[in-house]
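Taken in order, these protein sequences are the chains called A and B.
Letter by letter, the first sequence follows residues 48 to 269 of our numbering.
Letter by letter, the second sequence follows residues 7 to 310 of our numbering.
A virtual CB, placed ideally from N, CA and C, is assigned to each residue, including glycine.
The model shown is predicted, which means the values in this text are computed figures rather than measured ones.
In what follows, a structure is listed as structure tokens, so that the remarks can point back to it.
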Amino acid sequence: MGELLANYDVLGAFIRTIQLTIFSAIGALILGTLVAVMRVSPVPLLEKLGALYVNTVRNTPLTLVVTFFAFVVVTQFRIELGTKNFNDNSFRWAIVGLAVYHASLVCEALRSGINTVPPGQAEAARSIGLTFGQNLRYVVLPQAFRGAIAPLGNTLIALTKNTTVVSAVSVAEASQLMSEMFENDSDKIVMIFILFAVGFVILTLPLGLIFTSMSRRLVVKR
Amino acid sequence: MSASVLFDTPGPRARARYRLAGGIGAVLTLGILAAAIWKLASLGQLDGDKWEPFLTAQVWTEYLIPGLRNTLLAAAISIALAFVFGLLLGLGRLSHHAWIRIPVSAFVEFFRAVPVLIMMYFAYQIFIQFHDMPGDLKPLLGVIVGLTFYNSSVLAELVRSGVHALPNGQREAGLSIGLTRQQTVNRILLPQALTAMLPGIVGQLVIVLKDSALGTAITYPELLNQANNAASANSNYVPMLFIAAVIYIVINYSLTVLANRLERRLLGRGRAVVHPATDAATVGIVPVDDVAHEDVMLGQPHHH
Chain A
48 MGELLANYDV
58 LGAFIRTIQL
68 TIFSAIGALI
78 LGTLVAVMRV
88 SPVPLLEKLG
98 ALYVNTVRNT
108 PLTLVVTFFA
118 FVVVTQFRIE
128 LGTKNFNDNS
138 FRWAIVGLAV
148 YHASLVCEAL
158 RSGINTVPPG
168 QAEAARSIGL
178 TFGQNLRYVV
188 LPQAFRGAIA
198 PLGNTLIALT
208 KNTTVVSAVS
218 VAEASQLMSE
228 MFENDSDKIV
238 MIFILFAVGF
248 VILTLPLGLI
258 FTSMSRRLVV
268 KR
Chain B
7 MSASVLFDTP
17 GPRARARYRL
27 AGGIGAVLTL
37 GILAAAIWKL
47 ASLGQLDGDK
57 WEPFLTAQVW
67 TEYLIPGLRN
77 TLLAAAISIA
87 LAFVFGLLLG
97 LGRLSHHAWI
107 RIPVSAFVEF
117 FRAVPVLIMM
127 YFAYQIFIQF
137 HDMPGDLKPL
147 LGVIVGLTFY
157 NSSVLAELVR
167 SGVHALPNGQ
177 REAGLSIGLT
187 RQQTVNRILL
197 PQALTAMLPG
207 IVGQLVIVLK
217 DSALGTAITY
227 PELLNQANNA
237 ASANSNYVPM
247 LFIAAVIYIV
257 INYSLTVLAN
267 RLERRLLGRG
277 RAVVHPATDA
287 ATVGIVPVDD
297 VAHEDVMLGQ
307 PHHH
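In structure tokens:
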């Protein structure tokens, strides 16, 4: 075990996994909130566009989404996200791919959060003259986020594990290092697997505990 | 959505505002679409000859149809195995004997936390060590093992929340007529829990189908992998990925619709329904017909 850790930068690979997770989580939260607002908005076209987005992305394998960004956007379109370095560019587009996919999950988590808000809240907001935008911003969404903490936490845990998918398009992170180690040290595969599996347990288990306790603490008492 | 409680019935000025917002949305969407099409056209990906291969039998018979068959094969075997193991593990988690419950719970929690792809890489690597196993069987087994371990754990959790979602009177009634604890679980609680799980299992099948695309990473010739192969043969990446995506979306969307129908029927009969995805009790500002049921770690029953 010590030898493996000395020969490979396992910690560095997990730091890349954490970077992928954090940046895509921020992107997915922003995009997902936007799509959720579209889906409950009074504008029929926006509502339909939001539904189309969710139904399309959610039914497509993440591997295909990531492949699209890697092979089409990076390799064929050659669109650069502020860097000339091919690996950095692939890494940034992998974040975009993860964010685009998980935004659909964030949107549905948030809609279920909106559903925990009693209709009387929105009716009260309307009766004091708030517009749709004000209603969402001051009354419904703050309560909806608190009601959606458990499903949002689940989405973040799913995202942490799903960052491994980018290894299918050769973006370096934990699982890519693992398959590299499998090839070079094929006599130690069980130990290598346990090392990485435990790494992911260490990443996801606290998230589960934190979000469970947060959802209990922050739930709007009714 | 005119019945939404989030906004008033629009008057003339609000209608004008909504039209403006709709117009801006339409312009932005069309703009992005036009930019993408222009870019694709300038790369020649929209030329007739890039799409022509789809009119020939070869692309379908050599790549896409065998790919789809392999995807469905891996998904079907995995969901069947996951159902059997999930049931056993779920019963284990409900057991009154701590020496069964604790190790089973640890097993379930561990395999829900480990990414499917890591499990696939590992299983594939193990099968590579068996030199007398046929070479083309190894990726298939790798995919099946990866999908089965993870989904058994998810379904085990579903069995548990299905049983917990039942009213306590069901268990008490069973015990009071003299059934043992195990008989109460087997004859009274489990049949009801399984019905409540049905929409959740169909929803999980969508996740299994999507995750089977991870098989690409261990050279399993499933749909996405075959589409990639066909794309390099015809150098038409965009059309090929597009067609593959359409195939996935059609299958998965149909399954989602089926799951929702099953759920509505069960709820219509006054039966409980549990999901792998869990969220707080719903009251109902917007009609949610298809809340995402993906990858859930914190399992409480979903009440309707």
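What residue range does the alpha helix (DSSP H) around residue i cover?
| i | result |
| --- | --- |
| Asn192 (chain B) | Where Asn192 (chain B) is concerned, there is no enclosing alpha helix (DSSP H), given that its DSSP letter is neither H nor E. |
| Thr178 (chain A) | It is not in any alpha helix (DSSP H) - Thr178 (chain A) carries neither H nor E in the DSSP assignment. |
| Val212 (chain A) | Looking at the DSSP string, Val212 (chain A) is not in any alpha helix (DSSP H), and its letter there is neither H nor E. |
| Lys45 (chain B) | Pro18 to Ser48 |
| Val147 (chain A) | Phe133 to Ile161 |
| Asp55 (chain B) | Gly54 to Trp57 |
| Arg156 (chain B) | It is Tyr, not Arg, that sits at residue 156 (chain B) in the sequence shown. Counting along the chain, the alpha helix (DSSP H) containing Tyr156 (chain B) begins and ends at Leu143 to His170. |
| Val120 (chain A) | Val120 (chain A) -> no alpha helix (DSSP H), and no H or E assigned at all. |
| Ser222 (chain A) | Ala221 to Asn231 |
| Phe13 (chain B) | No alpha helix (DSSP H) contains Phe13 (chain B), which DSSP labels as neither H nor E. |
| Val90 (chain A) | Element bounds for Val90 (chain A): n/a, residue is neither H nor E. |
| Pro253 (chain A) | Ile236 to Leu265 |
| Gly111 (chain B) | Note that residue 111 (chain B) corresponds to Ser in the displayed sequence, not to Gly. Its alpha helix (DSSP H) spans residues Ala104 to Ala119. |
List the residues of chain A whose Cβ lies closer than 7 Å to the Cβ of residue i, in chain order.
| i | result |
| --- | --- |
| Asp14 (chain B) | Arg173 |
| Leu78 (chain B) | Within 7 Å Cβ-Cβ: nothing; Leu78 (chain B) doesn't reach chain A, min ~14 Å. |
| Ile255 (chain B) | Thr103, Asn106 and Thr107 |
Determine the burial state of residue i: buried for a count of at least 16 other Cβ atoms within 10 Å of its Cβ, exposed for fewer.
| i | result |
| --- | --- |
| Gly180 (chain B) | buried |
| Arg151 (chain A) | Position check: residue 151 (chain A) holds Ser in this sequence, whereas Arg was assumed. Ser151 (chain A) is buried by the Cβ-count criterion. |
| Gly59 (chain A) | exposed |
| Arg263 (chain A) | exposed |
| Leu220 (chain A) | With the sequence shown as reference, residue 220 (chain A) is identified as Glu, and Leu is not the correct amino acid for it. Answer is buried; the Cβ neighbour count reaches 16. |
| Leu146 (chain B) | buried |
| Asn209 (chain A) | buried |
| Gly54 (chain B) | exposed |
| His281 (chain B) | buried |
| Val33 (chain B) | exposed |
| Met48 (chain A) | exposed |
| Trp140 (chain A) | buried |
| Ser241 (chain B) | exposed |
| Asp217 (chain B) | buried |
| Gln190 (chain A) | buried |
| Pro205 (chain B) | buried |
Taking residue i as the reference, which of the options has the closest Cα?
| i | options | result |
| --- | --- | --- |
| Ala80 (chain B) | B:Met126, B:Val114 and B:Pro109 | B:Met126 |
| Leu196 (chain B) | B:Ile132, B:Ala171, B:Leu78 and B:Val208 | B:Ala171 |
| Ile249 (chain A) | A:Asp56, A:Glu50, A:Phe61 and A:Leu52 | A:Phe61 |
| Arg56 (chain A) | A:Phe124, A:Ala244 and A:Leu224 | Looking at the sequence shown, residue 56 (chain A) is not Arg but Asp. Ranking the options by Cα distance to Asp56 (chain A), first place goes to A:Leu224. |
| Gln168 (chain A) | A:Tyr185, A:Cys154, A:Phe124 and A:Val237 | A:Tyr185 |
| Ile175 (chain A) | B:Ala42, B:Leu12, B:Val263 and B:Phe91 | B:Leu12 |
| Ser158 (chain B) | B:Val244, B:Phe60, B:Phe91 and B:Trp44 | B:Phe91 |
| Thr201 (chain B) | B:Val191, B:Leu34, B:Thr186 and B:Ala278 | B:Ala278 |
| Ala156 (chain A) | A:Leu52, A:Val104, A:Asn201 and A:Ile241 | A:Asn201 |
| Ala75 (chain A) | A:Val121, A:Val143, A:Thr107 and A:Leu242 | A:Val143 |
| Gly98 (chain B) | B:Val120, B:Asn192 and B:Leu36 | B:Asn192 |
| Phe247 (chain A) | A:Leu206, A:Glu230, A:Ile236 and A:Asn231 | A:Leu206 |
| Arg21 (chain B) | A:Arg158, A:Phe179 and A:Phe138 | A:Phe179 |
| Asn162 (chain A) | A:Ser214, A:Phe138, A:Arg105 and A:Arg86 | A:Arg86 |
| Ala250 (chain B) | A:Val82, A:Asp232, A:Thr110 and A:Val90 | A:Thr110 |
Looking at the structure shown, is residue i part of a helix, part of a strand, or coil, going by DSSP?
| i | result |
| --- | --- |
| Ala277 (chain B) | Residue identity differs from the one stated: residue 277 (chain B) is Arg in this sequence, not Ala. Three-state DSSP puts Arg277 (chain B) in coil, outside helix and strand. |
| Asn106 (chain A) | coil |
| Pro72 (chain B) | helix |
| Thr288 (chain B) | Caution applies to Thr288 (chain B), whose pLDDT of 41 falls short of 50 and renders its modelled position unreliable; the value that the coordinates give is listed next. Correct three-state label for Thr288 (chain B): coil. |
| Ala199 (chain B) | helix |
| Ile65 (chain A) | helix |
| Phe136 (chain B) | coil |
| Thr225 (chain B) | coil |
| Met48 (chain A) | coil |
| Pro173 (chain B) | coil |
| Gly165 (chain A) | It should be pointed out that residue 165 (chain A) corresponds to Pro in this sequence rather than to Gly. Three-state result, Pro165 (chain A): coil. |
| Thr130 (chain A) | coil |
| Asp296 (chain B) | With a pLDDT of 40 at Asp296 (chain B), under the threshold of 50, the predicted position of this residue should be treated as unreliable, and no value is reported. |
| Pro205 (chain B) | helix |
| Gln232 (chain B) | helix |
| Leu58 (chain A) | helix |
Could you list which residues in chain B have their beta carbon closer than 9 Å to that of residue i, in chain order?
| i | result |
| --- | --- |
| Ala169 (chain A) | Ser10, Val11, Leu12, Phe13 and Ile291 |
| Ser222 (chain A) | Pro121, Leu123, Ile124, Tyr127 and Ala223 |
Using the beta-carbon of each residue, which ones in chain A are nearer than 8 Å to residue i?
| i | result |
| --- | --- |
| Gly49 (chain B) | It is worth fixing the name first, because residue 49 (chain B) is Leu in this sequence and not Gly. Within chain A, the residues near Leu49 (chain B) are Gln123 and Phe124. |
| Lys56 (chain B) | Simply none; closest approach about 12 Å. |
| Phe116 (chain B) | Ala244 and Val248 |
| Gln232 (chain B) | The premise fails here: Gln232 (chain B) is roughly 12 Å from chain A at the closest Cβ pair, so nothing lies under 8 Å. |
Under 9 Å Cβ-Cβ, which residues of chain A neighbour residue i?
| i | result |
| --- | --- |
| Gly31 (chain B) | Met85, Val90, Leu92, Leu93 and Leu96 |
| Gly274 (chain B) | What Gly274 (chain B) touches in chain A: nothing, since even the nearest Cβ is about 19 Å away. |
Please list the partners that residue i has in chain B, where partner means a Cβ-to-Cβ separation under 7 Å.
| i | result |
| --- | --- |
| Met261 (chain A) | In chain order: nothing, as chain B lies at least about 11 Å away. |
Give a yes or no on whether 7 Å exceeds the smallest Cβ distance from residue i to chain C.
| i | result |
| --- | --- |
| Thr222 (chain B) | The structure shown has no chain C; the protein chains it does contain are A and B. |
What does residue i touch in chain B if you count any residue whose Cβ is under 8 Å from its own?
| i | result |
| --- | --- |
| Ser214 (chain A) | Leu123 and Ala223 |
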